[in-house]
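Each residue of the sequence shown is one higher than the last, beginning at 0 in numbering that gives the first Met the number 0.
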Amino acid sequence: MNNLIVALAQYLLFFILAAATVIWLFLPRKDKVGLAVQAVVSLLIVAVLIKVAAAIHTDLRPFVVDPSIKPLFAHPADNGFPSDHTALAARVAFLVMR
């Protein structure tokens, strides 16, 4: 089970981006440009919002708070909120749904 969790944590984001790329490839040409512009602009906005949220609220990762907890894979002891992976995955999913 740990191997599945590690694989999902490290590679699911790449799968989401690959799936979005495949969907983008099958769009009509006029829609490709619009989606690409929306993706770049929205990802920049999400990056800024993540930085602002992290500056406002600090939520340490569990292995930082309790050293007896061993992470499944090496990870920096940075702020656990907001999740970069979740924010990016949600933004990509929203763009693809539109």
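Backbone N, C-alpha and C define an ideal beta-carbon position, used for all residues, glycine too.
Where the alpha helix (DSSP H) through residue i begins and ends
i, result
"leucine 43", "28-55"
"histidine 84", "83-96"
"asparagine 2", "1-24"
"proline 61", "61-64"
Nearest neighbour of residue i, chosen from the options [CA to CA]
i, options, result
"isoleucine 55", "Arg90, Asn78, Gln9 and Leu11", "Asn78"
"tyrosine 10", "Ile68, Ala46, His84 and Ala19", "His84"
"alanine 86", "Leu71, Met0 and Leu42", "Leu42"
Euclidean distance between Cα positions of residue i and residue j
i, j, result
"aspartate 58", "isoleucine 4", "21 Å"
"arginine 97", "leucine 16", "16 Å"
"aspartate 30", "phenylalanine 80", "34 Å"
"methionine 0", "threonine 20", "29 Å"
"alanine 101", "isoleucine 44", "Within the shown structure, residues of the chain are numbered from 0 to 97, placing residue 101 beyond reach of any answer."
"isoleucine 68", "valine 47", "31 Å"
Cβ separation of residue i and residue j, assumed to be a contact under 8 Å, to the nearest whole Å
i, j, result
"tryptophan 23", "leucine 12", "Not really, about 16 Å apart at Cβ, beyond 8 Å."
- Message: I'd like to know if the region 77-95 and the region 34-44 are in contact, where contact means that at least 3 CB-CB pairs between them fall below 8 Å.
- Response: Between the region 77-95 and the region 34-44, the count of C-beta pairs closer than 8 Å reaches three or more; the two stretches touch.
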